[in-house]
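Here's the structure, in structure tokens; my notes come after.
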Amino acid sequence: MAVNDGITILVSMLFIGSIAAAGLYFIPKSQEQVVHRTALVMTLVCCWLMWVITFMAQMNPIIKPERSWGSE
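Taking our numbering, the leading residue of the sequence shown gets 33, the next gets one more, and so forth.
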């Protein structure tokens with residue numbers, strides 16, 4: 033089970049990295065090129081980081097769900 037989770041995180045990292053590399057290659061040359069590259073990379077890093085934190089939080093939840101058996 034842990035191997036599959038590690039592979040999922042690795043594949044997602046490679047996917048985001050390939051999007052970043054393609055984006056960096058296709059950004060047009062201009063005076064704002066550095067700003068565009070920084071914005072692109074920061075956006076992808078933040079999105080991936082949010083996803084991986086959510087994914088890892090679901091791997092070992094702190095609070096387990098409790099069932100109520102008719103009492104409220």
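Idealized CB from N, CA, C, for every residue including glycine.
query: One question on the structure: do residue 81 and residue 51 come within less than 9 Å of each other, judged by their Cβ atoms?; result: no
query: Could you check where the alpha helix (DSSP H) with residue 65 kicks off and where it finishes?; result: 65–91
query: Distance check for residue 39 and residue 65, CA to CA, integer angstroms please.; result: 34 Å
query: Taking 8 Å as the limit between beta carbons, can you name the residues of its chain near residue 91, skipping five residues before and five after?; result: 37
query: Determine the contact status of residue 41 and residue 88, defining contact as a CB-CB distance below 9 Å.; result: yes
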